[in-house]
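Student: Residue numbers (UniProt numbering), protein chains in the order written: chain A, 1 to 417; chain B, 1 to 417.
A virtual CB, placed ideally from N, CA and C, is assigned to each residue, including glycine.
Protein chains: 2
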Amino acid sequence: MQAEVLSVGTELLLGQTVNTDTTIVAKALSGLGIDLLYAAVVGDNVGRLEKAVWDALDRSDILITTGGLGPTGDDLTKETVAAAAGKKLVLHQPSYDRLKEYFARGGLSENQIKQAMLPEGCTVLQNDNGTAPGCAFQTAQGKIVIMLPGPPSELEPMLKNYAVPYLAKFQNAVIASHSVHVYGRGEAAVALMIDDLTQNSNPTAAPYAKEGEMFVRVTAKAANEAEADAMCAPVVEEIRRRVGSFVYGVDVDSLEELVVRELKKAGKTLATAESCTGGLLAKRITDVPGSSDVFEMGCVTYANRVKEALLGVPHETLEAHGAVSEQTARAMAEGIVRRSGADIGVGITGIAGPGGGTAEKPVGLVYIALSDGENTWVAKRQPAGRMKSREWHRHCAASKALDMVRRYLAGLPVDEA
Amino acid sequence: MQAEVLSVGTELLLGQTVNTDTTIVAKALSGLGIDLLYAAVVGDNVGRLEKAVWDALDRSDILITTGGLGPTGDDLTKETVAAAAGKKLVLHQPSYDRLKEYFARGGLSENQIKQAMLPEGCTVLQNDNGTAPGCAFQTAQGKIVIMLPGPPSELEPMLKNYAVPYLAKFQNAVIASHSVHVYGRGEAAVALMIDDLTQNSNPTAAPYAKEGEMFVRVTAKAANEAEADAMCAPVVEEIRRRVGSFVYGVDVDSLEELVVRELKKAGKTLATAESCTGGLLAKRITDVPGSSDVFEMGCVTYANRVKEALLGVPHETLEAHGAVSEQTARAMAEGIVRRSGADIGVGITGIAGPGGGTAEKPVGLVYIALSDGENTWVAKRQPAGRMKSREWHRHCAASKALDMVRRYLAGLPVDEA
Chain A
1 MQAEVLSVGT ELLLGQTVNT DTTIVAKALS GLGIDLLYAA VVGDNVGRLE
51 KAVWDALDRS DILITTGGLG PTGDDLTKET VAAAAGKKLV LHQPSYDRLK
101 EYFARGGLSE NQIKQAMLPE GCTVLQNDNG TAPGCAFQTA QGKIVIMLPG
151 PPSELEPMLK NYAVPYLAKF QNAVIASHSV HVYGRGEAAV ALMIDDLTQN
201 SNPTAAPYAK EGEMFVRVTA KAANEAEADA MCAPVVEEIR RRVGSFVYGV
251 DVDSLEELVV RELKKAGKTL ATAESCTGGL LAKRITDVPG SSDVFEMGCV
301 TYANRVKEAL LGVPHETLEA HGAVSEQTAR AMAEGIVRRS GADIGVGITG
351 IAGPGGGTAE KPVGLVYIAL SDGENTWVAK RQPAGRMKSR EWHRHCAASK
401 ALDMVRRYLA GLPVDEA
Chain B
1 MQAEVLSVGT ELLLGQTVNT DTTIVAKALS GLGIDLLYAA VVGDNVGRLE
51 KAVWDALDRS DILITTGGLG PTGDDLTKET VAAAAGKKLV LHQPSYDRLK
101 EYFARGGLSE NQIKQAMLPE GCTVLQNDNG TAPGCAFQTA QGKIVIMLPG
151 PPSELEPMLK NYAVPYLAKF QNAVIASHSV HVYGRGEAAV ALMIDDLTQN
201 SNPTAAPYAK EGEMFVRVTA KAANEAEADA MCAPVVEEIR RRVGSFVYGV
251 DVDSLEELVV RELKKAGKTL ATAESCTGGL LAKRITDVPG SSDVFEMGCV
301 TYANRVKEAL LGVPHETLEA HGAVSEQTAR AMAEGIVRRS GADIGVGITG
351 IAGPGGGTAE KPVGLVYIAL SDGENTWVAK RQPAGRMKSR EWHRHCAASK
401 ALDMVRRYLA GLPVDEA
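1. Quick one: give me the first and last residue of the beta strand (DSSP E) that Met117(B) is part of.
2. What does Ala40(A) reach in chain B if we use C-beta pairs closer than 8 Å?
3. Which of the three DSSP states, helix, strand or coil, is assigned to Cys276(A)?
4. Name the one or two DSSP bridge partners that Trp377(B) has.
5. For the segment 21-40 of chain A against the segment 156-174 of chain A, do three or more pairs of beta-carbon atoms, one drawn from each stretch, fall closer than 8 Å, so that the two count as touching?
6. Could you name the residues that DSSP lists as bridge partners for Arg217(B)?
7. By a C-beta neighbour count over all protein chains shown, 10 Å radius and 16 as the cutoff for buried, is Asp287(B) buried or exposed?
8. If you reduce the DSSP assignment to three classes, tell me which class Gly244(B) lands in.
9. Could you compute how far the alpha carbon of residue 471(B) sits from the alpha carbon of Pro151(B)?
10. Please list, in chain order, all residues of the same chain as Ser153(A) whose beta carbon is under 8 Å from its beta carbon, the five residues on each side excluded.
11. Do we get a CB-CB distance below 8 Å when we pair Phe137(A) with the residues of chain B?
12. Between the segment 223-237 of chain B and the segment 252-267 of chain B, do at least 3 Cβ pairs fall closer than 8 Å?
13. Exposed or buried, what is Gly385(A) when buried is set at 16 or more other beta-carbons lying within 10 Å of its beta-carbon?
14. Is there at least one Cβ from chain B nearer than 8 Å to Cys299(A)'s Cβ?
15. Taking the runs of the beta strand (DSSP E) that are 3 residues or longer, which of them lie wholly in the segment 276-304 of chain A?
16. Could you check the C-alpha separation between Gln93(A) and Leu14(B) for me, to the nearest Å?
17. Which ranges does the alpha helix (DSSP H) cover as unbroken runs of at least 4 residues, wholly within the segment 73-97 of chain A, from first to last along the chain?
18. Is the shortest distance between the beta-carbon of Ile24(B) and the beta-carbons of chain A less than 8 Å?
19. In whole angstroms, give me the CA-to-CA distance for Leu57(B) and Gln141(B).
20. Report the partner residues of Val42(B) according to the DSSP bridge assignment.
21. For Gly134(B), which of Lys143(B), Lys88(B), Thr77(B) has the nearest alpha-carbon?
22. Does the beta-carbon of Glu274(B) have 16 or more other beta-carbons within 10 angstroms, so that it is buried, or is it exposed?
23. Quick one, which of Thr198(B), Gly335(B), Glu391(B) has its alpha-carbon nearest Ile239(B)'s?
24. Could you tell me the alpha carbon to alpha carbon distance between Thr272(B) and Gly298(A), rounded to whole angstroms?
25. Check whether the segment 311-328 of chain B touches the segment 364-375 of chain B, taking contact to mean three or more Cβ pairs, one atom from each stretch, closer than 8 Å.
26. So, under 8 Å CB-CB, Val250(B) and His178(B) are touching, yes? Tell me the CB distance rounded to an integer number of Å.
27. What number of angstroms, rounded off, separates the C-alpha of Tyr248(B) from the C-alpha of Met404(B)?
28. Run through DSSP, which three-state label would Val174(A) get?
29. Apart from the five residues on each side of it in sequence, which residues of its chain come closer than 7 Å, Cβ to Cβ, to Thr123(B)?
30. Quick check: is the beta carbon of Arg390(A) nearer than 8 Å to any beta carbon in chain B?
31. Since Gln16(B) contacts Tyr183(A) with CB under 8 Å, what's their CB separation in whole angstroms?
32. From the DSSP secondary-structure annotation, give me the bridge partner or partners of Gly345(B).
33. Please state the DSSP three-state secondary structure of Thr17(A).
34. Can you confirm whether Asn19(B), when its beta carbon is compared against all beta carbons of chain A, has any partner nearer than 8 Å?
35. Enumerate in chain order the residues of its own chain whose CB-to-CB distance from Lys380(B) is below 6 Å, with the five nearest sequence positions on each side excluded.
36. Using only alpha-carbon positions, find the residue among Val25(A), Pro362(A), Asn224(A) that is nearest to Leu159(A).
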């Protein structure tokens, strides 16, 4: 089956909002094995929306709209799509009751009630995070139409819990997809290692770059999920075998999630001392719910004075080698272990740019150290050939630190290049 | 003039990449006063791309494509669009020379050379951040076609430096746009305050919500930039007057940028002690280049033990009131000022969720304190009615802290509700 996504909202065409809805829906369709051939954005304009709906229903089997289900006058997706698909809107009593409950303390205006008006005979997709329900139905021509709300916090759970199960019923085959996440080897290098695997059509294996990391997506199509999973398993194993210790996880969200999980398993705690990353490493670790069990403390020590006073970095080290040096990174990691009492300490110092670089110490040069109180390892990140942003250097330095913690916990060489 | 954007790339339809290119181009068009009526995404498929180009050239004055200019076989935008627009590709010598220079150490394959093949007679848009140049030309029917590379780090500067000036020549009128940024008053509240101003058509004033803040965009159209700016000025002033001290800046990028600037102006330094925000506040401040001049140090103190040892939060305070309390926030702010020697210290403690909430101290409850060593102010953030994410609570708490620093530096009441 072929699908298209139509996002409705003038704010998307003014550049005020990034269209993450399409990405979220695209991912879900890909997981279902449904081809998304086309994605479009139109503003809050009946004529253009109507035209786009006709085009979509003409050329695709499935139309998924995002946005325009709310209470205001701008919200005209439901009315327009229903009309174009030949459906009448009728009051959906349970949705109306939910609205009444939501607005129990007042505010249930005529506009709000409009959200409970839904295409006759549709499957209502409940909104567990907002007031506007979604809906799904088939047109007289057998085309599937699904309407989802615009705010990603409402769209994402509705899609997952209600729209995907609705669509799955139309699929004869099921898709299973697994991601093998790699740190320390780039997309091009891994693509070479698994070249033969990427030639297969079921399961497929496809390498992707992702913010200083890469992952391989393995996808199989079969009659049921167990069978599809069983087809993926040997390919995933083969990739793990070939890429070796650079594989940090399968189907994990991020390096930080993996690190928090492994710290918990090992019963160990972590502390961080950051200079150029300025709290980004601590932020990423504490993005993970429950990280408070394993994250002892973090310090952002920009000034040399603070590096000395708080972390005990020797004045002589800073004088002799500078703040951006292997020696300072080492002293920061060792200092934060002493100061915090954590099992593992990480120290990061470098030049994130855009200013502050020299020929000897260019923008992008970062030293990252890990200490367990007994041993300390220091890795050096060199700037890549191409101009990269401050954000990029900071992100990559924090990722490298996380990977060092992972390697340490797994008993691997802490810094394998 | 009416424009549309066509983004080319299968990765966008698989949900692997968020389409920020469209947002970037949309913003630029909006700044030029060009209406963007339609944005679409197609995969790396000649047939569908061709069809999309024909549709676009049929209904719009300007077509801007993003992506597919690179060296690989998947990159087929230039060939397809040029053919659809009736243009031949010819070798562009300066682009070829640039490629030779870039690949001086080897690697200039046949595929790479393809990037120097450009539509005959086009204006070449130099790529200062990558190998694939863009281009701009007019079709025989007078339609404007612009092709930009996919990576945002290449697209954004090319758009700003070369494509926008190219488009500006076709515009009789110029658009000036200014944003009045507000913290502490929501979109709905400000919309009421400036209701009459939002009714005007030139200049327009439009309120927008943005991650726990809001801004009002004032836009004027005139014969030249100075005139358009002069039309905006009194409206911007009037909004400042009505919204008062909740306006934190005009045409600033973010609260953190403003705070770093104001700290520099005042010659003051800042230090932070974070619990639930876990380094996010430090990260946001150090996102700003040059923040090292004013950011003394940051601490992420999750564990009570660390709050006591590092910040000197009294054991009795933690026992009597808990880690999430006004008293603890106060002691954290005062402790970090003592510890760091900075002029201003901020302490944040709260419950970011999803776990850890109670009836008395629900998820989203955050206390934020600011101390200058003499006086300390504490603000309390209550969770809003709707379920919000961990990310949201952390972001809003960090924003509140930044706003308190701004207010302190401006001599305003530090926590005005």
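Tutor: With the given structure in hand:
1. Counting along the chain, Met117(B) sits inside the beta strand (DSSP E) bounded by residues 117-119.
2. Neighbours of Ala40(A) across chain B, judged by C-beta separation under 8 Å: Tyr38, Ala39, Ala40, Val41.
3. Cys276(A): coil per DSSP, three-state reduction.
4. According to DSSP, which records beta bridges pairwise, Trp377(B) is partnered with Leu370(B).
5. The segment 21-40 of chain A and the segment 156-174 of chain A touch, with no fewer than 3 CB-CB distances between them shorter than 8 Å.
6. According to DSSP, which records beta bridges pairwise, Arg217(B) is partnered with Ser179(B), Ala206(B).
7. Flag for Asp287(B) reads buried.
8. In the structure shown, Gly244(B) sits in a helix (DSSP, three-state: H, G or I).
9. Since the first and last residues shown for chain B are 1 and 417, residue 471(B) lies out of range.
10. Within the same chain, Ser153(A) has close Cβ partners Asn129, Gly130.
11. Chain B, which has no Cβ nearer than 8 Å to the Cβ of Phe137(A), makes this no.
12. Cβ pair count under 8 Å is below three, so no.
13. Because the pLDDT of Gly385(A) is 49, which lies under 50, any placement of that residue in the model is unreliable, and the question is left without a value.
14. Cys299(A) counts as touching chain B.
15. Listed in chain order, the complete beta strand (DSSP E) runs (minimum 3 residues) inside the segment 276-304 of chain A are 295-301.
16. Straight-line Cα distance between these residues: approximately 37 Å.
17. As far as the segment 73-97 of chain A is concerned, its whole alpha helix (DSSP H) runs of at least 4 residues are 77-84.
18. Taking 8 Å as the CB threshold, Ile24(B) lines the interface with chain A.
19. Their Cα atoms are separated by approximately 9 Å.
20. Its beta-bridge partners are Tyr38(A), Val8(B).
21. Comparing Cα-Cα distances from Gly134(B) to each of Lys143(B), Lys88(B), Thr77(B), the minimum goes to Thr77(B).
22. Taking a 10 Å sphere around the C-beta of Glu274(B), we find 16 or more other C-beta atoms and assign the residue as buried.
23. Residue nearest to Ile239(B) within the set Thr198(B), Gly335(B), Glu391(B) is Thr198(B) (criterion: CA-CA distance).
24. Straight-line Cα distance between these residues: approximately 11 Å.
25. Taking 8 Å as the limit for Cβ pairs, the verdict is that the segment 364-375 of chain B does touch the segment 311-328 of chain B.
26. With a Cβ gap of about 6 Å, Val250(B) and His178(B) count as contacting.
27. When the Cα atoms are used, Tyr248(B) and Met404(B) turn out to be separated by approximately 11 Å.
28. Correct three-state label for Val174(A): strand.
29. Cys135, Ala136, Phe137, Tyr166.
30. Put simply, the CB of Arg390(A) is near chain B, with a gap under 8 Å to one of its CB atoms.
31. No, Gln16(B) and Tyr183(A) are not in contact; Cβ-Cβ is about 18 Å, not under 8 Å.
32. Ala271(B), Ser371(B), per the DSSP bridge assignment.
33. Of the three classes helix, strand and coil, the one that applies to Thr17(A) here is coil, per DSSP.
34. Yes, Asn19(B) lies at the interface with chain A (some Cβ there is under 8 Å from its Cβ).
35. Listed in chain order, the non-local C-beta contacts of Lys380(B) below 6 Å within the same chain comprise Tyr367, local neighbours out to five positions each way being set aside.
36. Residue Val25(A) is the option with its Cα nearest to Leu159(A).
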